[in-house]
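**Q**
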Amino acid sequence: MNGLNLHGVRAIYRFEMNRAFRTWMQSLIAPVLSTALYFIVFGSAIGSRMGDIGGVGYGAYIIPGLLMLSLLSESISNASFGIYMPKWSGTIYELLSAPVSWVEVLLGYVGAAVSKSLMVGTLILVTARFFVPYEVAHPFWMVGFLVLTATTFCLFGFIIGLWADSFQKLQIIPLLVITPLTFLGGAFYSISMLPPLWQNVSLFNPVVYLISGLRWAFYGHADVQIGMSVGMTFAFMVACLAVVWWVFKTGHRIRK
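For the sequence shown, the residue numbers in the working numbering are 17 to 272.
1. In whole angstroms, what separates the C-alpha of lysine 132 from that of serine 50?
2. Using the DSSP secondary-structure output, state which residues sit across from valine 240 in a beta bridge.
3. Report the start-end ranges of each alpha helix (DSSP H) in the region 193-251 that is 4 residues or longer and not cut off at the edges.
4. For asparagine 34 and proline 212, I'd like the C-alpha separation in whole angstroms.
5. For the region 80-97 and the region 131-146, state whether three or more C-beta atom pairs, one from each stretch, are separated by less than 8 Å.
6. Sort Ser91, Ala114, Lys103, Val72 by Cα distance to alanine 27 and report the nearest one.
7. Would you grab the beta carbon distance between isoleucine 242 and alanine 203 for me? Rounded to a whole angstrom, and I think it's under 8 Å.
8. Can you name the residues that DSSP bridges to isoleucine 14?
9. Taking the alpha carbon of threonine 249 as the point to measure from, which residue in Val223, Gly201, Gly236, Phe264 has its own alpha carbon closest?
10. Given this structure, state the Cα-to-Cα distance separating serine 117 from glycine 71, to the nearest angstrom.
11. What separation, rounded to the nearest whole angstrom, lies between the Cα atoms of leucine 44 and alanine 36?
12. Is it buried or exposed, cysteine 256, if we count other Cβ atoms within 10 angstroms and call 16 or more buried?
13. Give me the residue from Asp239, Val121, Ala251 with the minimum Cα distance to tyrosine 77.
14. When you compare only the Cα positions, how much space is there between tryptophan 261 and valine 119?
15. For leucine 82, I'd like the list of residues in its chain whose CB is within less than 6 Å of its CB, leaving aside the five on either flank, ordered along the chain.
16. So, is methionine 41 buried or exposed, given that buried needs 16 or more other C-beta atoms within 10 angstroms?
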């Protein structure tokens, strides 16, 4: 078996990153501005009239939820659009005939998508400073959890891009599944504030574990144990890797 084709990985990665910088208004600035509106409405306007949650001001409390909302949507969007465009334009055949393995294709596309998502996340964290003061209790865990989450959902977005055969299908799962689950996953509240029945129902929402884990990294407390949050994220990432491996081994849904 030959070694990893780093030239191929770098070529795919650079192409995807250059595409993002060519459309920097849509790729980087637009999601940051959208999140800033949430900070203005919920953090400054509404948050100033609400009490603390777990000893944390409401404006600061929602930062992990808003960060996760943007990270999930951007990760899925970046990765799905990146692999769908070659299918749509027909250049996927050039990729399939190139001397690159499925691992190298995955590293190039998903690596670029993760980079773009983390850039957006960093900009959101910087922007949040202009609206609410906050501190990060566990910065190492915060960075690690952001990287893990971005990688996992970029893999998920990559699968969506392989599955989709139209631009409409690229938006179905992010709009109808991920966004509602994020809003119902404790982005703007603690699930401990819900009645006992709905607290138990919320535990079936996988996004609860993501937001809870990130909130623990920020403030040292969460709705579920940090180990469970990391374990659930790892399990989903492994499942996504297995699906991608199967798709490339069978050739299913790759071609236009």
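From the three backbone atoms N, C-alpha and C, an ideal C-beta is built for every residue, glycine too.
**A** Based on what the coordinates show:
1. Counting from 1 along the sequence shown, the entry for residue 132 is found at position 116. Counting from 1 along the sequence shown, the entry for residue 50 is found at position 34. Rounded to whole angstroms, lysine 132 to serine 50 spans 16 Å at the Cα level.
2. Taking the sequence shown and counting its residues from 1, one reaches residue 240 at position 224. Beta-bridge pairing links valine 240 to no other residue.
3. 195-199, 212-218, 222-235
4. Position 18 of the sequence shown, counted from the start, is the residue given in the question as residue 34. Position 196 of the sequence shown, counted from the start, is the residue given in the question as residue 212. Cα to Cα, asparagine 34 sits roughly 49 Å from proline 212.
5. yes
6. One-based indexing of the sequence shown puts residue 27 at position 11. Looking at the Cα atoms, Ala114 is the closest of the given residues.
7. Within the sequence shown, numbered from 1, the residue matching residue 242 stands at position 226. Within the sequence shown, numbered from 1, the residue matching residue 203 stands at position 187. Rounded, the Cβ-Cβ distance is 18 Å, inconsistent with contact.
8. As shown, the chain starts at 17 and ends at 272. That puts residue 14 outside it, with no answer to give.
9. In the sequence shown, the residue the question calls residue 249 occupies position 233. Of the listed residues, the one whose Cα sits closest to threonine 249 is Val223.
10. Locating residue 117 in the sequence shown gives position 101, where the first residue counts as 1. Locating residue 71 in the sequence shown gives position 55, where the first residue counts as 1. Their backbone Cα atoms lie some 50 Å apart in a straight line.
11. Here residue 44 is taken as the residue at index 28 of the sequence shown, counted from 1. Here residue 36 is taken as the residue at index 20 of the sequence shown, counted from 1. Those two C-alpha atoms are separated by around 8 Å.
12. Taking the first residue of the sequence shown as position 1, residue 256 is located at position 240. Answer is buried; the Cβ neighbour count reaches 16.
13. On the sequence shown, position 61 is the one that residue 77 refers to. Checking every option, the nearest Cα to that of tyrosine 77 belongs to Asp239.
14. Residue mapping note: residue 261 aligns to position 245 of the sequence shown, counting from 1. Residue mapping note: residue 119 aligns to position 103 of the sequence shown, counting from 1. Approximately 8 Å, taken between the alpha carbons.
15. Residue numbering aside, residue 82 sits at position 66 when the sequence shown is read from its first letter. Cβ neighbours of leucine 82 beyond the five flanking positions: Thr51, Tyr54.
16. Sequence index remark: in the sequence shown, residue 41 carries index 25 (1-based). That one is exposed.
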